[in-house]
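Asker: Residue numbers (my numbering), protein chains in the order written: chain Y, 77 to 300; chain C, 2 to 541.
Structure representation (structure tokens):
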């Protein structure tokens, strides 16, 4: 009898039993992702807050560390991520239209950009490692020995913040792989594109975090 | 044949499927609530054992039973277990999980699998915390203050920190699930203005869980980083700022205090309304005050740091904002009292716990105002006055509400009634035992007995003996419900769908409810707590 009250969509294979219809399901998963992103803002916010305090406490040391950043590589990465946001948005669009082939292409493009970002990021890490700027692996700071400890803390934040961001990129790549497989198995379309939609939200969020990290870590006081 | 069928128990969420897999892989919010209930009870007993050992040590002024190191570990593990593994999940993860979908008229929470995941995260966090205990304990205090926790402590800080970190995500996911459920899963006719007050307070709690918990996560991640690699983030000896840790810690941990009390307030609003047979006085004010507490809760963390050298002006602002929290809290107490006025009050067990809550929470809240006063705070900082204050709120408030709520919804959860006489006796014993335990601690603290110490000046002994004696009575008060709840599972009288004559969608379905809560999606046509009408006609 309950079936009478609920429309035909009850039988849609994508509808989970506890939702009344697909709209409610899409609304719920989208809101759920937004709330999750809110928690992510607070998570990164804690890091940004702590970083800001140290930057305020040790302006001299901070100015000296700026010299070791790689704004060019960071800039390339920023461009790469913005491109990946575009391809992600297109993947969402074609999921709404139900075009399996274009979904596949744009998901793969997004993943290529994501991998490129991580590649550039880790080559930066490698450069820092060669310069002995990794805090717990033989940190050296011969140019400004007076800032040794403070610079170590600031580099610690650099690795911590970009590291957590990279971790989120890895999670994003995992989600994209999952979507790629799902795209072959089921037909995304106007009725059901939730996974692509919410993965898109996540991906854009991770991009936005980088948009804040880039100027804070690379551009302010850049004098290379 | 037909008589046999009539006597057979109808299909409900407990007997719909069987086997351990049907429990450990369930996505039914009601079963997950039961899983949580069992696991938090384990932690409650564990935390209680640590507390009992401390009270035993404190019966004599000398440190004769435990060394100071052991005592440090006892109070740390008591705090970590009780706060992160009992109080924070207590009402949200059990009663909230069980009731919210039913109260809004839904078949389940919005994300059933995430709900199950949150329980597994809780268990994983719990295993790390237990492993810290079994390996030899932690001695930093539940607050993990730096640089002691990061540099000097030789105990098992890392597993405890990892445990709390993981359990935090369980809390975040529960909050996220509740928020989306309340927004998107309400039955037709269930407007925001018709939501039960329990749902409102759980919604406010969820906001804190979602906004606050990530900050403690990142803080603990920094503590872990600092402890393992020792780069100096929180170590003043090499350029770090330990006070920054305290700011970040209390930015979560003060709002977390409201994670621990708001759900209790929600339970009390339900219970007081039901056993006064009246719509709670000032519905919208009770609902709004929950949100006000959640918002104000984020602005007062500095009052934990009045003596750490924080700027005087910051302290003044934090002090004033802390006073403001009293306003929404008092609104609730006045409204509960006004609800009883000219109500048809009965003294069933849940109501006895509600009385206990209102009285003890009022004492805890008023002493909170004393502590928010800068000068008094400096005088009683780190004394038993603080200990007594937060135990009046946490134990006198939240645990009372938790037990009251458990009694109130026990028939719905298990389909069985508990023995009323024993329950009333236990409620009375708990109240007496609680006051004997923590009442004397106000006096001790005001006279200057410092907390977190296993030895004390001899003149404090009489009050300490009183407190320890009270703790043993309190333990009896907790043990009795434990026994008769277990007893009732098989021997208790079968519960009707609505044993209290209460209003609310959860009472309109069977006890215990079927797997999808309702046979038909309910359609709500009347405001919440439509109690009065018939009886008013009767009287008037």
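Note that CB positions come from ideal geometry on N, CA and C, so glycine has one too.
1) Please go through the region 270 to 326 of chain C and give each complete alpha helix (DSSP H) segment of 4 or more residues, from N-terminal end onward.
2) Can you round the beta-carbon distance between residue 301/Y and residue 98/Y to whole angstroms, since I take them to be within the 8 Å contact cut?
3) To be precise: take each residue of the region 130 to 162 of chain C, compare its Cβ to all Cβ atoms of chain Y, and keep it if any distance is under 7 Å. Which residues remain?
4) So, at 6 Å on beta carbons, what are the nonlocal neighbours of residue 273/C in its own chain, with the 5 sequence-adjacent residues on each side left out?
5) Does any C-beta atom of chain Y lie closer than 8 Å to the C-beta of residue 34/C?
6) Apart from the five residues on each side of it in sequence, which residues of its chain come closer than 8 Å, Cβ to Cβ, to residue 95/Y?
7) Can you list, in chain order, the residues of its chain whose CB lies under 7 Å from that of residue 85/Y, leaving out five sequence neighbours each side?
8) Taking the alpha carbon of residue 158/Y as the point to measure from, which residue in 288/Y, 295/Y, 296/Y and 297/Y has its own alpha carbon closest?
9) Quick check on residue 263/C - is its C-beta less than 8 Å from some C-beta in chain Y?
10) Quick one: grab the DSSP three-state call for residue 344/C.
11) Specify whether the region 250 to 260 of chain C and the region 343 to 353 of chain C touch according to this definition: at least 3 beta carbon pairs, one from each stretch, less than 8 Å apart.
12) Here's the rule I'm using: 16 or more other beta-carbon atoms within 10 Å means buried, otherwise exposed. How should residue 171/C be labelled?
13) Say whether chain C places a C-beta atom closer than 8 Å to the C-beta of residue 94/Y.
14) Check whether the Cβ atoms of residue 230/Y and residue 130/Y lie closer than 8 Å to each other.
15) When we look at the beta-carbon of residue 272/Y and count the other beta-carbons within 10 Å, is it buried (16 or more) or exposed?
16) Which residues does DSSP list as the beta-bridge partners of residue 121/Y?
17) Please determine, among 275/Y, 286/Y and 278/Y, the residue with the shortest C-alpha to C-alpha distance to residue 197/Y.
18) Quick one: which chain Y residues come within Cβ less than 8 Å of residue 242/C?
19) Tell me, please, whether the CB atom of residue 88/Y is closer than 8 Å to any CB atom in chain C?
20) Using CA coordinates, which residue listed in 205/C, 216/C, 59/C and 345/C is at the minimum distance from residue 165/C?
21) Note down, in chain order, each residue of its chain lying with its Cβ closer than 6 Å to the Cβ of residue 280/Y, except the 5 sequence neighbours on either side.
22) Report yes or no: do three or more beta-carbon pairs, one from the region 143 to 162 of chain C and one from the region 96 to 108 of chain C, lie closer than 8 Å?
23) Among 526/C, 532/C, 435/C and 418/C, which has the Cα closest to the Cα of residue 498/C?
24) If I measure Cβ to Cβ from residue 188/C and keep anything under 8 Å in the same chain, skipping five residues before and after, which residues do I get?
25) Is residue 249/C close to chain Y? Criterion is C-beta to C-beta, closer than 8 Å.
26) Hey, out of 291/Y, 269/Y, 292/Y and 111/Y, whose CA is closest to residue 89/Y's CA?
27) Counting only beta-carbon atoms, is residue 296/C nearer than 8 Å to chain Y?
28) Check distances from the C-beta atoms of the region 216 to 234 of chain Y to those of chain C and list, in chain order, the residues that come in under 7 Å.
29) Using a Cβ-Cβ distance under 8 Å, would residue 212/Y count as near chain C?
30) Can you name the residues that DSSP bridges to residue 42/C?
31) Which residues, taken in chain order from the region 220 to 232 of chain C, show a beta carbon closer than 9 Å to some beta carbon of chain Y?
32) Does any C-beta atom of chain Y lie closer than 8 Å to the C-beta of residue 441/C?
33) Please name the residue, chosen from 334/C, 328/C, 299/C and 464/C, that lies closest to residue 56/C on a Cα-to-Cα basis.
34) Mind pulling the beta strand (DSSP E) runs of 3 or more residues that sit fully within the region 211 to 263 of chain C?
35) Taking 8 Å as the threshold, find out whether the region 63 to 74 of chain C comes into contact with the region 232 to 243 of chain C through three or more Cβ pairs.
36) Name the DSSP beta bridge partners of residue 451/C, please?
Answerer: Reading it off the structure:
1) 284 to 298
2) Residue numbering for chain Y in the displayed model covers 77 to 300; residue 301/Y lies beyond these limits and cannot be assessed.
3) none
4) As a first step, residue 273/C must be located in the second chain, where it is residue number 272. These residues qualify, in order along the chain: 337, 340 and 355.
5) By one-based count along the second chain, residue 34/C stands at place 33. It does not: the Cβ of residue 34/C has no partner Cβ on chain Y nearer than 8 Å.
6) Taking the first residue of the first chain as position 1, residue 95/Y is located at position 19. Excluding positions up to five away in sequence, the list reads 101 and 104.
7) Within the first chain, numbered from 1, the residue matching residue 85/Y stands at position 9. Low confidence applies here, because residue 85/Y scores a pLDDT of 44, under 50, leaving its location unreliable and the question unanswered by this model.
8) Working through the first chain from its first residue, we reach residue 158/Y at position 82. Considering only alpha carbons, the answer is 288/Y.
9) Numbered from its first residue, the second chain carries residue 263/C at position 262. Output row for residue 263/C: interface = no.
10) Your numbering for residue 344/C matches position 343 in the second chain. Residue state, collapsed to three classes: coil.
11) no
12) By 1-based counting over the second chain, the position of residue 171/C is 170. With 16 or more Cβ atoms within 10 Å of its Cβ, residue 171/C is classed as buried.
13) Position 18 of the first chain, counting from 1, holds the residue named residue 94/Y. Residue 94/Y counts as touching chain C.
14) Here residue 230/Y corresponds to residue number 154 of the first chain, with the count starting at 1. Here residue 130/Y corresponds to residue number 54 of the first chain, with the count starting at 1. For residue 230/Y and residue 130/Y, yes; Cβs fall inside 8 Å.
15) Within the first chain, the letter at position 196 stands for residue 272/Y. By the 10 Å Cβ count, residue 272/Y comes out buried.
16) Mapped onto the first chain, residue 121/Y falls at position 45. BP columns for residue 121/Y are empty, so no partner.
17) Position 121 of the first chain, counting from 1, holds the residue named residue 197/Y. Cα-wise, what sits closest to residue 197/Y is 286/Y.
18) Residue numbering aside, residue 242/C sits at position 241 when the second chain is read from its first letter. Chain Y residues near residue 242/C: 129, 130 and 133.
19) Looking up residue 88/Y in the first chain gives position 12. Not closer than 8 Å to any Cβ of chain C, the Cβ of residue 88/Y fails to qualify, so no.
20) As a first step, residue 165/C is located in the second chain; it is residue number 164 there, counting from the start. Closest by alpha carbon: 216/C.
21) Residue numbering aside, residue 280/Y sits at position 204 when the first chain is read from its first letter. Once the five neighbours on either side are set aside, the close Cβ partners of residue 280/Y are 161.
22) no
23) By 1-based counting over the second chain, the position of residue 498/C is 497. Answer by Cα proximity: 418/C.
24) Taking the second chain and counting its residues from 1, one reaches residue 188/C at position 187. Taken in chain order, the residues that qualify are 105, 106, 107, 506, 522, 523, 524 and 525.
25) Residue 249/C sits at position 248 when you count from the first residue of the second chain. Output row for residue 249/C: interface = yes.
26) Here residue 89/Y corresponds to residue number 13 of the first chain, with the count starting at 1. Of the listed residues, the one whose Cα sits closest to residue 89/Y is 269/Y.
27) Sequence index remark: in the second chain, residue 296/C carries index 295 (1-based). Taking Cβ atoms only, chain Y never reaches closer than 8 Å to residue 296/C, which makes this a no.
28) 225, 226, 228, 229 and 232
29) Position 136 of the first chain, counted from the start, is the residue given in the question as residue 212/Y. It does: the Cβ of residue 212/Y has a partner Cβ on chain C nearer than 8 Å.
30) For the purposes of this step, residue 42/C is taken as the residue at position 41 of the second chain. Paired residues: none, contrary to the question.
31) 220, 222, 223, 226, 227, 229, 230, 231 and 232
32) In the second chain, residue 441/C corresponds to position 440, counting from 1. Judged by the 8 Å Cβ criterion, residue 441/C is not in contact with chain Y.
33) Stepping through the second chain from its first residue, residue 56/C is reached at position 55. It is 464/C.
34) none
35) no
36) Counting from 1 along the second chain, the entry for residue 451/C is found at position 450. In the DSSP output, where bridge partners are listed per residue, residue 451/C has 384/C.
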